[in-house]
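To keep things clear, I will list the structure first and then write my remarks on it.
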Amino acid sequence: MVKLAWTILNSKDELWVKVMQGKYFHHREGRITGMKKSFHSSLWRGILKAYPLMQKATVWSIRDGQTTEFWNHPWIDHDTILEEHCLRTLTDDEKLTSVADMVNEQGEWDWTKLNSLLPNVWLSRIAGMETPKHGLGEDTTIWGLEQDGRFRLKSAYLLAANEIDMMDDQGWKELWKWSGPSRVKHFLWLVMHNRLLTNHERTIRKLTNDGSCKACNDGLEPIKHILRNCKKTEGVRHFFRIGQYVHDTRNFKQWMMENLNDAEKGFEFGIMCWMIWKQRNEETLDGKKFSETGLISKIVSWIRVYQQAKINEERSILSPRNQLISTPITWRPPRENWVQIQTDGSVLQSSGKAVAGGLIRDHLGRCLDAFICNLGNCTITIAKLKGAEIGLQRAWDKGHRKVELNLDSMTTISIMKNNKDTDHRYGLIAARIGTLLDFEWDVKFL
Ligand SMILES: [Zn+2]
Numbered sequence: 001m002v003k004l005a006w007t008i009l010n011s012k013d014e015l016w017v018k019v020m021q022g023k024y025f026h027h028r029e030g031r032i033t034g035m036k037k038s039f040h041s042s043l044w045r046g047i048l049k050a051y052p053l054m055q056k057a058t059v060w061s062i063r064d065g066q067t068t069e070f071w072n073h074p075w076i077d078h079d080t081i082l083e084e085h086c087l088r089t090l091t092d093d094e095k096l097t098s099v100a101d102m103v104n105e106q107g108e109w110d111w112t113k114l115n116s117l118l119p120n121v122w123l124s125r126i127a128g129m130e131t132p133k134h135g136l137g138e139d140t141t142i143w144g145l146e147q148d149g150r151f152r153l154k155s156a157y158l159l160a161a162n163e164i165d166m167m168d169d170q171g172w173k174e175l176w177k178w179s180g181p182s183r184v185k186h187f188l189w190l191v192m193h194n195r196l197l198t199n200h201e202r203t204i205r206k207l208t209n210d211g212s213c214k215a216c217n218d219g220l221e222p223i224k225h226i227l228r229n230c231k232k233t234e235g236v237r238h239f240f241r242i243g244q245y246v247h248d249t250r251n252f253k254q255w256m257m258e259n260l261n262d263a264e265k266g267f268e269f270g271i272m273c274w275m276i277w278k279q280r281n282e283e284t285l286d287g288k289k290f291s292e293t294g295l296i297s298k299i300v301s302w303i304r305v306y307q308q309a310k311i312n313e314e315r316s317i318l319s320p321r322n323q324l325i326s327t328p329i330t331w332r333p334p335r336e337n338w339v340q341i342q343t344d345g346s347v348l349q350s351s352g353k354a355v356a357g358g359l360i361r362d363h364l365g366r367c368l369d370a371f372i373c374n375l376g377n378c379t380i381t382i383a384k385l386k387g388a389e390i391g392l393q394r395a396w397d398k399g400h401r402k403v404e405l406n407l408d409s410m411t412t413i414s415i416m417k418n419n420k421d422t423d424h425r426y427g428l429i430a431a432r433i434g435t436l437l438d439f440e441w442d443v444k445f446l
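Be aware that the sequence shown starts at 1, since it is given in the UniProt record's numbering, and climbs by one per residue.
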């Protein structure tokens with residue numbers, strides 16, 4: 001649809017385009033000045049939807065200045081609409097002024113008109129622009145998402161996918177139910193309103209020519225790439241049990257809201273998004289490299305510190321008699337002098353590849369170790385078993401001798417406990433885990 005709207009705006013010679021223009025667009029002296037709202041074909045509705053998107057990525061390039069609207073088209077830069085800066089309310093007629101109308105007979109900007117309409121900062125920007133000239137041909141629009149200004153479906157699609165997500169604003173108030181700190185909530189609000197300065201946004205605003213993701217060097221970098229699709233942080237999402245939903249029909253915003261509202265993992269999800277973004281800034285702007293395991297342990301420690309602070313706060317507010325019986329901790333730390341290994345495994349929807357990961361924490365909740373391994377192609381049960389095996393091996397190697405094993409999977413536990421006569425598919429790995437469990441140490445299943 002974006003492509004179609006683009007064609008209508010730019011291919012004036014094609015007959016069907018002329019028909020569409022004549023029928024469905026408002027005209028003034030041959031210029032499209034708006035669109036009629038009376039027509040209801042799905043084609044038209046699609047154009048109506050695509051048109052604002054397309055405009056968002058369009059810059060008008062001035063030649064004779066006849067077609068470009070001085071007040072309503074972005075012609076100075078991509079996101080500048082001069083009407084927004086006008087010092088007084090414009091009449092309907094004035095709104096249709098073309099760029100050429102603002103040039104005097106000597107071919108210079110008409111400052112007598114402009115001085116009273118715009119603040120100095122914009123007057124000096126205009127002074128720096130070439131004036132339109134007769135004979136240079138018609139004004140054109142440049143596709144602002146590509147360096148050469150040519151329309152490409154890929155960048156349009158990425159823009160549209162991101163925008164349509166953001167346009168539907170229903171339910172975002174639910175964000176305020178989210179229980180995390182307000183600065184993170186503020187960040188999440190910016191995500192929902194597409195206000196973060198990603199590289200992708202920087203290219204739209206002409207701050208850079210390179211809109212690609214620095215972490216994975218893959219494609220454009222809108223916010224949903226950073227939080228949901230970036231390969232570099234796939235293991236982090238996986239660790240917090242957040243799927244990518246590559247083939248899911250939910251849009252990015254729904255994906256965000258459903259995860260944030262998830263009673264079990266919503267809090268961790270919000271913190272995770274925030275810290276992925278912070279990490280990405282350190283990497284993009286300061287050149288700091290990061291590892292997934294480093295990021296995971298950072299997130300986990302942050303959550304622990306925050307939850308501890310919250311408990312302390314609640315304790316200090318409540319009198320001893322009214323102390324909370326249950327704390328808001330979703331994760332229960334191990335007993336003193338014990339460590340807890342929490343592991344999991346899953347098969348990523350995006351690639352079909354299996355991953356195992358885990359954490360080792362002490363009784364204060366401190367993260368002592370974190371790991372993620374790519375396993376190639378295997379079943380989810382094998383992945384979970386593999387996660388447990390790696391976790392146990394690492395705990396043993398680090399000298400822990402009192403260990404709680406938190407697997408959150410009855411199947412895995414039962415295979416491990418009955419490792420002597422288990423299903424032949426798991427025989428080998430179950431035997432290896434059995435050997436580990438027989439070492440001189442205390443291992444408790446949770
Ligand atoms: Zn990436």
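From the three backbone atoms N, C-alpha and C, an ideal C-beta is built for every residue, glycine too.
Please report the straight-line C-alpha distance between residue i and residue j, rounded to a whole angstrom.
i: Ala388; j: Leu188; result: 34 angstroms
i: Leu436; j: Thr284; result: 42 angstroms
i: Val300; j: Ile360; result: 11 angstroms
i: Arg125; j: Ile76; result: 8 angstroms
i: Trp302; j: Trp274; result: 11 angstroms
i: Val99; j: Arg195; result: 30 angstroms
i: Asp397; j: Lys417; result: 22 angstroms
i: Leu123; j: Glu221; result: 34 angstroms
i: Arg63; j: Cys213; result: 35 angstroms
i: Thr112; j: Glu69; result: 19 angstroms
i: Asp210; j: Thr381; result: 42 angstroms
i: Asp110; j: Asn104; result: 5 angstroms
i: Glu94; j: Met256; result: 43 angstroms
i: Thr293; j: Arg237; result: 11 angstroms
i: Pro334; j: Pro181; result: 26 angstroms
i: Val347; j: Leu87; result: 58 angstroms
i: Ile433; j: Glu282; result: 39 angstroms
i: Asn406; j: Leu392; result: 11 angstroms
Let's test the definition: count the other Cβ atoms within 10 Å of the Cβ of residue i and tell me whether it reaches 16, buried, or not, exposed.
i: Phe439; result: exposed
i: His59; result: In the sequence on display, residue 59 carries Val and not His. Under this definition Val59 is a buried residue.
i: Asp139; result: buried
i: Met102; result: buried
i: Gln106; result: exposed
i: His134; result: exposed
i: Asn120; result: exposed
i: Thr411; result: exposed
i: Asp169; result: For Asp169, the predicted structure reports a pLDDT of 47, less than 50, and the residue's modelled location is therefore unreliable. The matter cannot be settled from this model.
i: Glu234; result: buried
i: Gly65; result: buried
i: Lys224; result: buried
i: Glu336; result: exposed
i: Asn115; result: exposed
i: Leu446; result: exposed
i: Leu197; result: exposed
Considering only C-alpha positions, which residue in the set the options is nearest to residue i?
i: Arg228; options: Phe252, Asp408, Asp210, Asn418; result: Phe252
i: Ala383; options: Lys353, His363, Arg394, Arg361; result: Lys353
i: Leu375; options: Leu392, Arg361, Ala356, His363; result: Ala356
i: Gly399; options: Gly427, Phe290, Asp442; result: Asp442
i: Leu364; options: Gln393, Leu196, Tyr306, Cys378; result: Tyr306
i: Lys231; options: Trp396, Ile341, Asp362, Ser291; result: Ser291
i: Glu84; options: Trp396, Thr91, Asn72, Asp93; result: Asn72
i: Ile429; options: Ile380, Leu114, Gln393, Lys386; result: Lys386
i: Val191; options: Val121, Thr343, Thr233, Leu260; result: Leu260
i: Arg366; options: Trp338, Gly345, Cys86, Gln393; result: Trp338
i: Gly137; options: Thr67, Ala215, Cys216, Asp262; result: Thr67
i: Gly345; options: Asn377, Glu336, Pro334; result: Asn377
i: Arg280; options: Ala215, Leu87, Lys298, Glu264; result: Ala215
i: Leu118; options: Thr198, Thr89, Ile242; result: Thr89
i: Lys444; options: Arg401, Gly243, Ile415, Ile242; result: Arg401
Can you pull the DSSP bridge partners for residue i?
i: Thr140; result: Ser61
i: Asp369; result: Ile360
i: Leu405; result: Ile341, Phe445
i: Trp109; result: Val103
i: Ala354; result: Val347, Gly376
i: Ser212; result: Leu220
i: Ser124; result: DSSP output for Ser124 lists no bridge partner at all.
i: Ser98; result: Glu69
Mind checking whether residue i and residue j have CB atoms under 9 angstroms apart?
i: Glu404; j: Gln308; result: no
i: Ile276; j: Ile372; result: no
i: Leu266; j: Lys185; result: For clarity, residue 266 is Gly in the given sequence; the question names Leu instead. Result no, Cβ atoms of Gly266 and Lys185 do not sit closer than 9 angstroms.
i: Asp286; j: Gln342; result: no
i: Thr379; j: Arg304; result: no
i: Ala395; j: Asp369; result: yes
i: Thr141; j: Ser61; result: yes
i: Ile311; j: Gly358; result: no
Is any beta-carbon of chain C found at less than 9 angstroms from that of residue i?
i: Ile433; result: No chain C is part of this structure, which consists of one protein chain only.
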